[in-house]
Amino acid sequence: MGKKQVFLGKVGKGAEMKLVVNMVMSTMLSSLSEGLALSEACGLKSEDVLDVMMNGAVANPMFALKGPLMSQGKYPTAFPLKHAQKDLRLALLTADREGLALPVAAASNEQYKRVKGMGRGDDDFCAVHAPFVKKG
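If you count by the numbering used here, then the sequence shown holds residues 185 to 320, one letter each, in order.
Listed below in structure tokens is the structure:
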């Protein structure tokens with residue numbers, strides 16, 4: 185999950201941390217997917233959009249790695265989409281248990297469920313962008 189070991193306390197806190205991290209990663213890619221789709225609809229080149237992002241406040245390793253793949257419609261599996269959606273579902277259940285509403289995660293979960301239903305569950309979770317890729 186990361187390079188640094190962090191003591192989180194009692195048993196189960198590591199699993200909760202994993203859900204938090206995976207929820208944030210998954211919602212990040214949902215947002216990037218929508219940004220790429222909007223940029224294409226506006227006639228902007230995805231390469232230019234990603235270049236601007238990677239040199240601004242939203243620069244991050246996840247976008248640098250997954251953005252070009254998403255814009256090319258390529259989804260080589262590192263973290264299966266079906267597992268990302270499962271973790272989103274579990275994060276939402278955990279939030280509900282804690283009395284929290286997470287509308288961004290909930291919307292992202294629905295998008296991942298939709299894409300999983302398109303037969304993309306075994307593709308990488310960046311396949312959340314698949315519905316926006318134009319064929320032909």
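The beta carbon of each residue, even a glycine, is placed where N, CA and C say it ideally should be. Everything numeric in this text was worked out from a predicted model, so none of it was measured.
Quick test of your reading: L216 and G251, contact by CB under 8 Å. State the CB separation rounded to the nearest angstrom.
G251 and L216 do touch by the CB rule: their CB atoms are close to 6 Å apart, below 8 Å.
Going by DSSP, what residues sit across from D232 in a beta bridge?
D232 pairs with nothing; no bridge assigned.
Output the distance between the C-alpha atoms of G198 and G227, rounded to the nearest integer angstrom.
Near 43 Å, if we compare the C-alpha coordinates of G227 and G198.
Just to confirm, are F316 and L213 a CB contact at a threshold of 8 Å?
The Cβ atoms of F316 and L213 lie no closer than 8 Å to each other.
Bridge partner(s) assigned by DSSP for D271
Beta-bridge pairing links D271 to no other residue.
Specify, as a first and last residue, the run of the alpha helix (DSSP H) that K194 falls within.
No alpha helix (DSSP H) contains K194, which DSSP labels as neither H nor E.
What distance in whole Å lies between the Cβ atoms of A289 and L265, which are believed to be in contact at a cut-off of 8 Å?
For a cut-off of 8 Å, the C-beta gap from L265 to A289 is around 15 Å, too long to register as a contact.
Please classify P260: does DSSP put it in a helix, a strand, or coil?
Look at P260 here: in three-state DSSP terms it is coil, with no helix or strand label.
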